[in-house]
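One structure is given here, and the rest of the page talks about it.
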Ligand SMILES: Cc1ncc(COP(=O)(O)O)c(C=O)c1O
């Protein structure tokens, strides 16, 4: 399906946004409409969305749109007035966590949520040091950019952040078992704590995405996160779980990805799927931390958690439950991952397939033994998929991992389109590389 690229719009964009403003695909895609798991270009061509997690319950879900419209045409105001939507949404949200995580604060973006979490952790512990992975992305504000070890120059300059190697069971040192691997990564967290202390800095916390999603949806050695958290707590720090990408039931079995582990974070940050594309994000934390922080440091966010945003947030929770989308993440997720594993049998380009509910990572390698990342092949594949009407992208340290993370109403019939198109494209790319 070769659509026309709107070069006139593209050049206008370059003029006002610059050529480096990120834009997907070699032939950029203009979109004008979305519905469920489908996106449409101006020529009426449809594209299967296997990438976007923000339209969590489906693009332009009628129930979410109606809730937004109804509240926007009645009243919108900030959180310094009493409003039922604000309280009811926070009650419903916190009820989905364990009882220790009993209070919330709302923001507009995941970056703001992480920024607030950092302030809260630093305020409540009286410490400054933050530990992250060495391929982290947690957002774009100044303090959060300091954590962006994979992407942001600020991360190299700060003394307040230390990182440990991504706990990657696929690319981790081979020849050792899972327990040894966990030991090695736990030791790196201890090393970060020790290095901080040697520099006179105490640890305020460790901030990680429980799915290690931007790192490549890693399979983390069992016990690693629990043991690393214990070390951080022993040093006086807290655990911040960044659920901006991982949360709201995407992993299927649990509403929150940290619930796969045997631990409770002190602070959890939320965003992306929370408002189904409406800017809604926030922090859920231990009540004592939110109380202590807010007594000293006034936090107010003009657009964070307005009655309109909360109406949208509640509609998202309703649709998630009514349409049994978490159950769908388990069943359709299993169907997709079985299909991907079948492709792995055919194509040696696929080194590893990882999945968690409705989230899949297909790690591409040039050689199954050396695991040399297939970077150019990954780029070629996402562009060929786009030309065939299926939208995916890449992640990971080398950008060699296909990232598949469709809206939650993704069904087996959609999976069949994804899998047959990927089969065709893998065949083409394998032919090209062997030629
Ligand atoms: C794990 C994670 N945390 C935080 C953010 C930042 O969220 P936002 O873009 O809403 O500021 C992102 C965005 O990609 C993310 O992937």
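In my numbering, the protein residues as written are 5 to 439.
Built from N, CA and C at the ideal position, the CB exists for glycine as well.
Handout entry: Collapsed DSSP secondary structure at residue 312 in the structure displayed
Key = For the purposes of this step, residue 312 is taken as the residue at position 308 of the chain shown. Of the three classes helix, strand and coil, the one that applies to residue 312 here is helix, per DSSP.
Exercise for the section: Could you say if the segment 133 to 151 and the segment 315 to 330 meet the contact criterion of at least three C-beta pairs nearer than 8 angstroms? Expected result: no
Practice task
State yes or no: is the C-beta of residue 246 nearer than 7 angstroms to some heavy atom of ligand 1?
Solution key: Here the question's residue 246 lines up with position 242 in the chain shown. Yes, Cβ of residue 246 sits closer than 7 angstroms to a heavy atom of ligand 1.
Practice task
State yes or no: is the C-beta of residue 389 within less than 8 angstroms of the C-beta of residue 426?
Solution key: The sequence position of residue 389 within the chain shown is 385, counting from 1. The sequence position of residue 426 within the chain shown is 422, counting from 1. Result yes, Cβ atoms of residue 389 and residue 426 sit closer than 8 angstroms.
Practice task
Go to residue 207, then tell me how far its beta strand (DSSP E) extends in each direction, as first and last residue.
Solution key: Taking the chain shown and counting its residues from 1, the one referred to as residue 207 is at position 203. Note, residue 207: beta strand (DSSP E), 207 to 212.
Practice task
In angstroms with no decimal places, state the Cα-to-Cα distance between residue 415 and residue 241.
Solution key: Here the question's residue 415 lines up with position 411 in the chain shown. Here the question's residue 241 lines up with position 237 in the chain shown. The straight-line gap from Cα to Cα measures roughly 42 angstroms.
Handout entry: Cutoff 6 angstroms; reference residue 214; Cβ partners in own chain excluding five residues on either side
Key = Reading the chain shown from its first residue, position 210 is the one you call residue 214. Answer for residue 214: 245, 250, 261 and 262, listed in chain order.
Problem - Status (buried if at least 16 other CB within 10 Å, exposed otherwise) for residue 129 - result: Counting from 1 along the chain shown, the entry for residue 129 is found at position 125. Buried: at least 16 other Cβ atoms inside 10 Å.
Handout entry: Chain-order list of residues whose beta-carbon lies under 6 angstroms from that of residue 421 (same chain, five-residue window excluded)
Key = For the purposes of this step, residue 421 is taken as the residue at position 417 of the chain shown. If we look at residue 421 and ignore the five residues flanking it on each side, its Cβ neighbours are 52.
Exercise for the section: Using only the heavy atoms of ligand 1, determine whether one of them is closer than 7 angstroms to the beta carbon of residue 55. Expected result: Here residue 55 corresponds to residue number 51 of the chain shown, with the count starting at 1. For ligand 1, not one heavy atom lies less than 7 angstroms from the Cβ of residue 55.
Exercise for the section: Using only the heavy atoms of ligand 1, determine whether one of them is closer than 7 angstroms to the beta carbon of residue 370. Expected result: If you number the chain shown from 1, residue 370 lands on position 366. Incorrect: residue 370 has no Cβ contact closer than 7 angstroms to ligand 1.
Exercise for the section: Pick helix, strand or coil for residue 254, following the three-state DSSP scheme. Expected result: Translated into the one-based positions of the chain shown, residue 254 becomes position 250. Note: residue 254 maps to coil in three-state DSSP.
Handout entry: residue 160 in three-state terms, based on DSSP
Key = Residue mapping note: residue 160 aligns to position 156 of the chain shown, counting from 1. If DSSP states are grouped into helix, strand and coil, residue 160 belongs with the helices.
Exercise for the section: State the Cα-Cα distance for the pair residue 97 and residue 114, rounded to the nearest angstrom. Expected result: The residue you call residue 97 lines up with position 93 of the chain shown. The residue you call residue 114 lines up with position 110 of the chain shown. Cα to Cα, the separation comes out at about 16 angstroms.
Exercise for the section: Could you spell out where the alpha helix (DSSP H) holding residue 127 opens and where it closes? Expected result: Residue mapping note: residue 127 aligns to position 123 of the chain shown, counting from 1. Start and end: 114 to 129.
Exercise for the section: Could you tell me which residues DSSP pairs with residue 270 in its beta bridges? Expected result: Numbered from 1 along the chain shown, position 266 holds the residue referred to as residue 270. Residue 270 is not bridged to any residue.
Exercise for the section: Please report the Cβ distance between residue 125 and residue 287, rounded to the nearest whole angstrom; I am assuming they are in contact, meaning their Cβ atoms lie under 8 angstroms. Expected result: The count along the chain shown starts at 1 and reaches residue 125 at position 121. The count along the chain shown starts at 1 and reaches residue 287 at position 283. Residue 125 to residue 287, Cβ: 10 angstroms. No contact.
Exercise for the section: Could you say which of 393, 57, 101 and 80 lies nearest to residue 290 if we only look at CA atoms? Expected result: Stepping through the chain shown from its first residue, residue 290 is reached at position 286. Ranking 393, 57, 101 and 80 by Cα distance to residue 290 puts 101 first.
Handout entry: Cβ-Cβ distance between residue 127 and residue 170 below 8 angstroms
Key = Residue 127 sits at position 123 when you count from the first residue of the chain shown. Residue 170 sits at position 166 when you count from the first residue of the chain shown. No, Cβ-Cβ distance for residue 127 and residue 170 is not below 8 angstroms.
Practice task
Let me know the secondary structure DSSP gives residue 325 once reduced to three states.
Solution key: The residue labelled residue 325 in the question sits at position 321 within the chain shown. Correct three-state label for residue 325: helix.
Problem - Contacts around residue 93, its chain only, beta-carbon distance under 6 angstroms, and the 5 residues preceding and following it disregarded - result: Working through the chain shown from its first residue, we reach residue 93 at position 89. Excluding residues within five positions, the ones whose Cβ falls inside 6 angstroms are 314, 317 and 318.
Handout entry: Run of the alpha helix (DSSP H) containing residue 291, from where it starts to where it stops
Key = Numbered from its first residue, the chain shown carries residue 291 at position 287. Residues 291 to 300.
Practice task
Could you check the C-alpha separation between residue 95 and residue 381 for me, to the nearest Å?
Solution key: The residue you call residue 95 lines up with position 91 of the chain shown. The residue you call residue 381 lines up with position 377 of the chain shown. Rounded to whole angstroms, residue 95 to residue 381 spans 47 angstroms at the Cα level.
Exercise for the section: Tell me whether the beta-carbon of residue 411 lies closer than 8 angstroms to the beta-carbon of residue 41. Expected result: For the purposes of this step, residue 411 is taken as residue 407 along the chain shown, with counting starting at 1. For the purposes of this step, residue 41 is taken as residue 37 along the chain shown, with counting starting at 1. Against a cut-off of 8 angstroms, the Cβ pair of residue 41 and residue 411 comes out as a contact.
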